[in-house]
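FYI, in the numbering used here the residues of the sequence shown are 61 to 245.
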Amino acid sequence: MSYESLRLYIPQTDEIDEIVSLDKICLGGLWTIDNYERELQSPNSHFLVLSLNSMNSIIGCGCFWRILEEAHITLLMIDPKYQGQGLGQLLLYSLLKDAVSSQLEHATLEVRASNRSAICLYEKFGFKIAGRRKEYYKKTKEDALIFWKSDLNHPTFQKELSFWKKLIHRRLVNSCYLPPDFISY
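Here is the structure:
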């Protein structure tokens with residue numbers, strides 16, 4: 061059986077054009093080149109990309125800002141060709157794990173009210189709706205739901221992260237993204 065080689069890492073500035081192209085496909089051009097350059101330069105931004113080494117291309121991206129004790133997740137996107145395979149879970153898990161490592165206590169994010177698959181993902185990870193921002197998305201005038209997750213540093217959440225790591229690992233092995241003996245990401 062052949063396995064794709066997944067790589068999760070902090071992007072370099074020479075990859076911004078590829079990330080912007082992915083943003084256009086996934087988010088309709090939410091952020092510009094300047095936005096992504098600022099993210100890479102900001103000490104308060106934690107930015108990850110997911111790539112397939114066999115194709116040498118970025119297929120996903122996630123980012124959060126450190127604001128006081130909070131991880132404000134600003135984006136999470138997976139190329140539509142690779143959605144539904146557990147890769148969004150891997151990105152969200154990785155962001156939350158890094159937030160915990162940074163000793164952040166809460167996580168929050170906004171999501172389009174119509175984005176059912178993303179809403180389901182966030183709810184799986186224990187996020188709860190905390191509010192609504194009317195016409196938040198300027199191009200479409202669509203509302204955003206505000207999601208909130210507390211107690212990231214609580215031992216119960218540590219157990220949840222361990223559970224998610226095992227579940228995601230199993231799913232990625234079954235999707236041939238990881239060999240069965242792969243133990244870390």
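Glycine is no exception: its CB is placed at the ideal position from the N, C-alpha and C atoms.
Quick one, are the C-beta atoms of residue i and residue j less than 8 angstroms apart?
i: Cys86; j: Pro140; result: yes
i: Ala178; j: Lys209; result: no
i: Tyr69; j: Leu108; result: yes
i: Cys121; j: Leu135; result: yes
i: Glu97; j: Ile76; result: yes
i: His106; j: Asp158; result: yes
Thinking C-alpha only, which one of the options is nearest residue i?
i: His229; options: Leu212, Leu151, Ser81; result: Leu151
i: Leu110; options: Leu205, Leu82, Asn95, Phe187; result: Leu82
i: Phe124; options: Ser162, Gln143, Gly144, Asn113; result: Ser162
i: Tyr182; options: Glu195, Pro71, Ile133; result: Ile133
i: Tyr196; options: Thr73, Asp77, Leu90, Gln72; result: Leu90
i: Phe185; options: Leu156, Arg193, Lys194, Leu205; result: Leu156
Quick one: Cα of residue i to Cα of residue j, how far?
i: Leu221; j: Ala190; result: 22 angstroms
i: Glu170; j: Ser117; result: 27 angstroms
i: Gln218; j: Leu212; result: 8 angstroms
i: Leu112; j: Ile119; result: 7 angstroms
i: Arg231; j: Met137; result: 18 angstroms
i: Pro103; j: Arg126; result: 9 angstroms
Below 8 angstroms on the Cβ atoms is my contact criterion, and I expect residue i with residue j to pass it. Report the Cβ-Cβ distance as a whole number of Å.
i: Gly253; j: Ser65; result: Residue 253 lies beyond the residue range present for the chain, which begins at 61 and ends at 245; the question has no answer from this structure.
Closer than 8 angstroms is the cut-off here; do at least three beta carbon pairs connect the segment 198 to 216 with the segment 157 to 175?
yes
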